[in-house]
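In order, the protein sequence lines correspond to chains Z and V.
For the first sequence, position 70 (counting from the first letter as 1) is numbered 70 according to the working numbering, and the numbering increases by one without interruption.
For the second sequence, position 68 (counting from the first letter as 1) is numbered 68 according to the working numbering, and the numbering increases by one without interruption.
Below you'll find the structure, written out as structure tokens, and then a few comments.
2 protein chains.
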Amino acid sequence: MQSDNDQAVTRLFVVESLKAQKTLRASASQAHYLRHVLRVQDGSPIALFNGTDGEWLAKVETTGRVNCSFLLKQRRCPQAEERGPWLLFAPIKQLRLDYLVQKAVELGVEQIQPVRTRRTIVREINVVRLNANAVEAAEQCGRLTVPKICAYTDIADVVDGWQTGRMLVWGDETGRGEPALHTFRKCDRDVAFLIGPEGGFEDSERTLLRGKQFARAIDLGPRVLRSDTAVIMALALWQGVLNDRSPT
Amino acid sequence: MQSDNDQAVTRLFVVESLKAQKTLRASASQAHYLRHVLRVQDGSPIALFNGTDGEWLAKVETTGRVNCSFLLKQRRCPQAEERGPWLLFAPIKQLRLDYLVQKAVELGVEQIQPVRTRRTIVREINVVRLNANAVEAAEQCGRLTVPKICAYTDIADVVDGWQTGRMLVWGDETGRGEPALHTFRKCDRDVAFLIGPEGGFEDSERTLLRGKQFARAIDLGPRVLRSDTAVIMALALWQGVLNDRSPT
Chain Z
1 MQSDNDQAVT RLFVVESLKA QKTLRASASQ AHYLRHVLRV QDGSPIALFN
51 GTDGEWLAKV ETTGRVNCSF LLKQRRCPQA EERGPWLLFA PIKQLRLDYL
101 VQKAVELGVE QIQPVRTRRT IVREINVVRL NANAVEAAEQ CGRLTVPKIC
151 AYTDIADVVD GWQTGRMLVW GDETGRGEPA LHTFRKCDRD VAFLIGPEGG
201 FEDSERTLLR GKQFARAIDL GPRVLRSDTA VIMALALWQG VLNDRSPT
Chain V
1 MQSDNDQAVT RLFVVESLKA QKTLRASASQ AHYLRHVLRV QDGSPIALFN
51 GTDGEWLAKV ETTGRVNCSF LLKQRRCPQA EERGPWLLFA PIKQLRLDYL
101 VQKAVELGVE QIQPVRTRRT IVREINVVRL NANAVEAAEQ CGRLTVPKIC
151 AYTDIADVVD GWQTGRMLVW GDETGRGEPA LHTFRKCDRD VAFLIGPEGG
201 FEDSERTLLR GKQFARAIDL GPRVLRSDTA VIMALALWQG VLNDRSPT
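Pasting the structure below:
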């Protein structure tokens, strides 16, 4: 759903600082993408963002057969704060995980925290790939920031070490939570969502969560949702509540 | 998020009618799945549903090296009406389409209608694959019905031929729609969602929709959503509104 009124310029995330007249060298994968997938011409416009300096218009400069650099022209829009929910979830298989991260970025998450539960089957996750996916989704959806990806951590460490003032809203697949929208309407803007693994949380994990003042159980409806569906549903509902709050 | 209290029995959709003591022959793909993926033993329990006779417990009977049949025992739960939203959408590439259909089924759609718009890139769709995906998702998420998959149709034919009393709620990527939740709260239970292609609707299509009394434009938020994200977001919000309406 690309909007008609956006100038359709490819957006790329870079790590360098951005200022007028600066030249940046594209990474090998960016150069490949621009030259061999998009087949951009020397001098084509491109938009760059780095999470802190806003979005900049630049000019693509191609050199040799494979390289590519960007000559920065002017700032296209200023950096905006992009607050959003934190997402804590039990990882799933790689392909569905890629998709999940993409959707989470589009739905505005600020931080992604993979959580190890007793029934999580995935033992290791590829954080580099997770991050690359988050970058690509941020480029595509017009965000000015890329969510922070945290290290894979045990649920007990996450919950017992909860230092933030954020409410931790978790999907209770036993149906004993409050309907999600009901809870969301009472939540402060800063919220974190925790969605369990395909096999559900274990009783001990639910007990751990129920014992915390900052944790709130929600119910996501009558059907058995895959965990990635539950994540997307929670984030979509939350985004819907936020849209509803902002003046139209 | 499999619930603990469900007896974790594999569910399969069949087309035959279901009654006690009847024996059904598994399809080749069901037999392969049971014998070579799940490695079920002769006599294992299984649950069957066909969209009209409720859900039945059966016993798997293995014969020879590859075949499989089901001996029906008793009805496990009666057939329930599963009303839900209709989904109309401009198809996307196959892998993301598979995922989209799966999510749509989990989020309760009753009917899936692929719609051809001016900017839809996908010219043909594999309805058999679409249906297989819908069946698999229905089996997994505990539904008693599989959504109807309609033929790929031009948007003008769909909109001009709109015969149902359903409200047609469409995602307006120009931001001129009402916030989704706002609209949803006013909607009757019977609703249809229309989400456009990656490039957005063309002006003529928006004009067509705006001219219809039964159509209502919604806004799904500030970011540029991929069309599959927009579909999931609309369905998740709708499901959230329905959950919120039902007594807790």
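Here a beta-carbon is modelled for each residue, glycine too, at the ideal position from N, C-alpha and C.
The alpha helix (DSSP H) with Trp-238 (chain Z) in it runs from where to where? 227-245
Given a threshold of 16 other Cβ atoms within 10 Å of its Cβ, counted over all protein chains shown, does Ala-234 (chain V) qualify as buried or as exposed? buried
For Thr-207 (chain V), the residue or residues it bridges with in DSSP: Answer by DSSP bridge pairing: none, since Thr-207 (chain V) is not bridged.
Given a threshold of 16 other Cβ atoms within 10 Å of its Cβ, counted over all protein chains shown, does Asp-157 (chain V) qualify as buried or as exposed? exposed
Could you tell me whether the Cβ atoms of Asp-219 (chain V) and Gly-175 (chain V) are closer together than 7 Å? yes
Under 7 Å between C-beta atoms, does Met-257 (chain V) make it to chain Z? With chain V covering only 1 through 248, there is no way to say anything about residue 257 (chain V).
Which residues does DSSP pair with Asn-67 (chain Z) in a beta bridge? Z:Thr-63
Using a Cβ cut-off of 9 Å, pull out every chain V residue sitting near Cys-141 (chain Z), in sequence order please. Arg-223, Val-224, Leu-225, Arg-226, Thr-229
Give me, in chain order, the residues of the same chain whose beta-carbon lies closer than 8 Å to that of Glu-110 (chain Z); leave out the 5 immediate sequence neighbours on both sides. Glu-82, Arg-83, Gly-84, Pro-85, Trp-86, Thr-145, Pro-147, Lys-148
Nearest by alpha-carbon distance to Gly-240 (chain Z): which of Z:Asn-126, Z:Ala-217, Z:Arg-185 is it? Z:Arg-185
As an exercise, report each continuous alpha helix (DSSP H) stretch of at least 4 residues that is fully enclosed by the stretch 47-129 of chain Z, in chain order. 94-106
Identity of the residues DSSP links to Glu-178 (chain V) by a beta bridge: BP columns for Glu-178 (chain V) point to V:Ile-218.
Ala-192 (chain V) - containing beta strand (DSSP E), residue span: Counting along the chain, the beta strand (DSSP E) containing Ala-192 (chain V) begins and ends at 191-195.
Could you tell me which of V:Val-105, V:Asp-42, V:Asp-228 sits nearest to Val-135 (chain V), measuring between CA atoms? Comparing Cα positions, the closest option is V:Val-105.
Determine, using beta carbons only, whether Val-101 (chain Z) and Asn-50 (chain Z) come nearer to each other than 7 Å. no
By Cβ distance, which residues of its chain are closer than 7 Å to Asp-154 (chain Z), with the 5 residues on each side in sequence left out? Arg-116
Thr-164 (chain Z) and Arg-216 (chain Z) - do their beta-carbons sit closer together than 7 Å? no
Tell me which same chain residues have a C-beta within less than 8 Å of the C-beta of Arg-223 (chain V), skipping the five on either side of it? So no residue of the chain qualifies.
Cα-Cα separation, Leu-107 (chain V) to Leu-225 (chain Z): 8 Å
Taking 7 Å as the CB-CB cut-off, is Lys-103 (chain Z) touching chain V? yes
Compute the Euclidean distance between the alpha carbons of Leu-57 (chain V) and Gln-79 (chain Z), then round it to the nearest angstrom. 58 Å
Tell me which residues share the same chain as Val-159 (chain Z) and place their Cβ nearer than 6 Å to its Cβ, disregarding the 5 neighbours each side in the sequence. Leu-208
Excluding five sequence neighbours on each side, which residues of the same chain lie with their C-beta closer than 6 Å to the C-beta of Thr-10 (chain V)? Ile-46
Min CB distance Asn-67 (chain V) to chain Z below 7 Å: no
In three-state terms, what does DSSP make of Arg-143 (chain V)? coil
If you run the structure through DSSP and keep just helix, strand and coil, what is Phe-184 (chain V)? helix
Selection from V:Asp-244, V:Ser-69, V:Thr-229 that minimises the alpha carbon distance to Gln-140 (chain Z): V:Thr-229
Judging by CA-CA distance, which residue of Z:Arg-39, Z:His-36, Z:Arg-75 is the nearest neighbour of Lys-22 (chain Z)? Z:Arg-75
Does Gln-113 (chain V) have its Cβ less than 7 Å from a Cβ in chain Z? no
Could you round the C-beta distance between Trp-162 (chain Z) and Val-191 (chain Z) to whole angstroms and report it? I think they count as a contact, below 8 Å. About 13 Å; that fails the 8 Å criterion.
On the DSSP letters alone, give me the boundaries of the alpha helix (DSSP H) that Val-159 (chain V) sits inside. 155-160
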